[in-house]
Amino acid sequence: MAERTGVIHDIGYRGYDGPREGTGALALTLYVTGLRHAFGLGRSGRSKVLPFLLLGLGVVPAVIVVGVVTMVRLNSLPVSYAAYLGQIQMLVTLFAAAQAPVLFSRDLRHRSIVLYLARPLPPALFALTRWASLASAILVFTLLPTLVLYGGGLLAGLDTGDETPVFLRSVALQLMLAALLAGITGLISSVALRRGFAVVASILALIVVAGVVLIVQEIAAYEGIEAVGEIAGLFSPWALHNGLAQAWEAGGRSTIVLTDAWAWTYLATALVVCAACLALLVRRFVKVGSR
Amino acid sequence: MNATIVKLALQALLGRRRFWLLLGLPLALIGLTVLISSLSSDGEAAWPMVSFLGYPLVLPLVAILAASSVLGPEVDDGSIVYLLSKPVSRHVIAVSKWVVAWTATVGVGSLGVLAAALIAGGGDRALAWWIAALVAGTTYSALFLALSAFTRHAVVAGLIFVLIWEGLAGGFLSGVAWLSVGQWGIRVGHEISSLLDDPANLPWAVIASLVVTIGGVWFAGDRLRSFALTEDE
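The listed protein sequences correspond, in order, to chains A and B. Take 5 as the starting number for the first sequence in the working numbering and just add one per residue. Take 474 as the starting number for the second sequence in the working numbering and just add one per residue.
Next comes the structure, spelled out in structure tokens:
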């Protein structure tokens, strides 16, 4: 064999010796991308239609309410913050159900999850980041109309001292609601990978169950057996939200009136359900990541 | 109609997990109706299960699931090309698929509504709800089949139509009844029992239901004739 005469030319490639960002920066980027994707930002034009259509439908009535307050010179909002969310619960749920598959199903279905997990980002953190993105998106969705109500109401001359505490309590409840909805819809769409299937299952778990709970509560109130209505409320995130909003004066309406002990039970249930959803989500992604 | 396509569509409908969701919905409705009519002393108490849950929610959900499972998965994974490349008229494909979706909707959804209505009290009113569910189920299945052929977001679009348009807007604006599949069915049912509402008028309800049904199936076939495979997610 002849002596090798080739040389390796130095054509200027260099290694990277700049600062390297840690897992935190990875998670933050993933969080921001997820939040943008939930609204279709950074995706095709067609994927922007649905979230913004729903968002528009959710905000327009709030603008109308503010208009009414301005024209008629009311001294309080005809529909207060939490009660308004109760009115648009269909839109919020539909948004959560339709956008959860965007964040949770696509990576699993197309197996692009292995590319994410090839980075130094643990699967558990991936799942939690996705959940945080969806929860934030839902929070933005609910916060926007209530902000319109609050800001518009104040501009129309409502009393700041009256409105602010109610508004802040409503925001706290929205945090709980967003965490719950994101946990439930996220879990469903990480298991049911077909988009349509996941959406219908989420709608079933949230809207149909909420409808059943409402009917049971009305009947319980009519029959005078409050305990049944209070227990029924534990099964639906919306009943939890509406019940607490009524009990803690966040401007909510609910068929049932919660006593103190029940209110804390509702809050505890919300936290437990949310934690359970997160644990199952993490388990699901850890299992997928280990394959 | 083409027997082979009907068979394939049936397999797509029955062979998957979503069939259990399809069957579970009416079963849950019936179970809850039993529970409520046994819990409550008032004889009328279980009717809201039919009028607020079974008819406006469970029936359209069954129709959406049925219509999107006969067409949706094939469109999703692209295997519809193999079906479309056969020398079978696209309209025949659409009609065959609609027959399967319609059978499932009417069989599972309408019978579920009927069963719930019979448990809630029975009589003419139950029959009326059943007729309403038959009319609406037929129209819904054609409408949602057309949606499935039109867009990949058929499920969400269908849900928006049912929940936001018919449910939310229909609750505020009475005029929505003229453009609401569910209300047309109720109007037809009103002929049998006056306990059902009386929105719109009968000829309109019947003609509109027919037009949407026939138009929907025809549109689905027409969309299949000019099908774009490279639609984005």
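We put the CB at the ideal spot given by N, CA and C, even for glycine.
- Task: Please report how far the alpha carbon of A:Arg40 lies from the alpha carbon of A:Gly46, in whole angstroms.
- Result: Between the alpha carbons of A:Arg40 and A:Gly46 lies a gap of roughly 7 angstroms.
- A:Ile260 in three-state terms, based on DSSP: Correct three-state label for A:Ile260: coil.
- Contacts around B:Asp705, its chain only, beta-carbon distance under 6 angstroms, and the 5 residues preceding and following it disregarded: Its pLDDT being 48, under 50, B:Asp705 is placed unreliably by the model, and the measurement read from it follows with that caveat. There are no such residues.
- Message: Helix, strand or coil, according to DSSP, for B:Glu706 in the structure here?
- Response: Note that B:Glu706 has pLDDT 46, beneath the 50 cutoff, so the model's placement of it is unreliable and the number below is only indicative. Coil, per DSSP.
- Residue environment, A:Arg350, which counts as buried when at least 16 other CB atoms sit within 10 Å: This structure does not reach residue 350 of chain A, given that chain A is present from 5 up to 295, and the question cannot be answered.
- Message: Which residues in chain B have a C-beta closer than 9 angstroms to the C-beta of A:Leu54? List them in chain order.
- Response: His626, Val629, Ala630 and Ile633
- Query: Is A:Phe239 helix, strand or coil when you go by DSSP?
  - Reply: coil
- By the criterion of Cβ-Cβ separation under 7 angstroms, what are the contact partners of A:Ala102 in chain B? Val629
- Item | Every unbroken alpha helix (DSSP H) inside the segment 540 to 605 of chain B [4 residues or more] | 553 to 557, 563 to 577 and 584 to 593
- Who are the near neighbours of B:Met474 in its chain, counting only those whose CB is closer than 8 angstroms to its CB and skipping five residues on each side? Val565, Val568, Ser569 and Val572
- Jot down the residue ranges of each uninterrupted alpha helix (DSSP H) in the segment 81 to 138 of chain A, minimum 4 residues, whole runs only, in chain order. 85 to 91, 93 to 113 and 117 to 121
- Message: Between the alpha carbons of B:Leu544 and B:Leu481, how many angstroms are there, rounded?
- Response: 11 angstroms
- Residues of the segment 200 to 218 of chain A with Cβ closer than 8 angstroms to any Cβ of chain B, in chain order: Within the segment 200 to 218 of chain A, contact with chain B at the beta-carbon level (separation under 8 angstroms) is assigned to Gly200, Phe201, Val203, Val204, Ala205, Ile207, Leu208, Ile211, Val212, Gly215 and Val216.
- Task: Would you please verify whether the beta carbon of A:Thr9 is less than 8 angstroms from any beta carbon of chain B?
- Result: no
- Query: How about B:Pro499: is its C-beta nearer than 8 angstroms to some C-beta of chain A?
  - Reply: For B:Pro499, the answer is no, since every Cβ of chain A falls outside 8 angstroms of its Cβ.
- Item | Length of the line joining the Cα atoms of A:Pro82 and A:Leu151 | 15 angstroms
- Task: Check the C-beta distance from B:Ala539 over to B:Ser614 and give it rounded, since I have them as a contact under 8 angstroms.
- Result: 6 angstroms
- Message: Does the segment 271 to 289 of chain A come into contact with the segment 181 to 190 of chain A, if we say contact requires no fewer than three beta-carbon pairs (one atom in each stretch) closer than 8 angstroms?
- Response: yes
- Task: For B:Leu538, decide whether its Cβ has a neighbour in chain A, counting only Cβ atoms nearer than 8 angstroms.
- Result: yes
- Message: Please tell me whether B:Trp520 and B:Ala619 are closer than 8 angstroms, where the distance is taken between their beta carbons.
- Response: no
- Task: Determine the closest residue to A:Thr263 out of A:Leu248, A:Gly255, A:Thr273 and A:Ala272, with distance taken between C-alpha atoms.
- Result: When only C-alpha atoms are compared, the closest one is A:Leu248.
- Query: Out of curiosity, what's the CA-to-CA distance linking A:Leu197 and B:Val531?
  - Reply: Rounded to whole angstroms, A:Leu197 and B:Val531 show a C-alpha spacing of 22 angstroms.
- Note down, in chain order, all residues in the segment 507 to 518 of chain B with a beta-carbon under 8 angstroms from any beta-carbon belonging to chain C. Annotation note: the requested chain C is absent from the structure, which comprises protein chains A and B.
- Query: By Cβ distance, which residues of its chain are closer than 7 angstroms to B:Thr578, with the 5 residues on each side in sequence left out?
  - Reply: Scanning its chain for C-beta atoms nearer than 7 angstroms, with the 5 sequence neighbours on each side dropped, one finds around B:Thr578 the residues Val535, Ala536, Ala539, Gly610, Tyr613 and Ser614, in chain order.
- Query: Got a sec? Which residues, its chain only, sit under 7 angstroms from A:Leu153 by beta carbon, not counting five neighbours each side?
  - Reply: Ala66, Val69, Val70, Leu81, Tyr85 and Tyr88
- Message: Against chain B, does A:Glu4 count as a neighbour if the rule is that its beta carbon must be under 8 angstroms from one of theirs?
- Response: Nothing about residue 4 of chain A can be read from this structure; chain A reaches only from 5 to 295.
- Contact residues within the segment 57 to 71 of chain A, judged by C-beta distance below 7 angstroms to chain B: Leu61
- Opening and closing residue of the alpha helix (DSSP H) in which A:Asp166 lies: Counting along the chain, the alpha helix (DSSP H) containing A:Asp166 begins and ends at Thr164 to Val195.
- For A:Phe171, which of A:Leu147, A:Leu271 and A:Gly19 has the nearest alpha-carbon? A:Leu147
- What is the rounded straight-line gap between the Cα of B:Ala589 and the Cα of B:Trp677? 28 angstroms
- Query: Does the Cβ of B:Met522 have 16 or more other Cβ atoms within 10 Å, making it buried, or fewer, making it exposed?
  - Reply: buried
- Using the C-alpha atoms, what's the distance from B:Thr686 back to B:Pro499? 23 angstroms
- Query: In the segment 653 to 672 of chain B, which residues sit with their C-beta less than 7 angstroms from some C-beta in chain A, listed in chain order?
  - Reply: none
- Item | Partners in chain B for A:Gly238, counting only beta-carbon separations shorter than 8 angstroms | Reading the sequence as shown, one finds Leu at residue 238 of chain A and not Gly. Neighbours of A:Leu238 on chain B: none; closest Cβ ~16 angstroms, over 8 angstroms.
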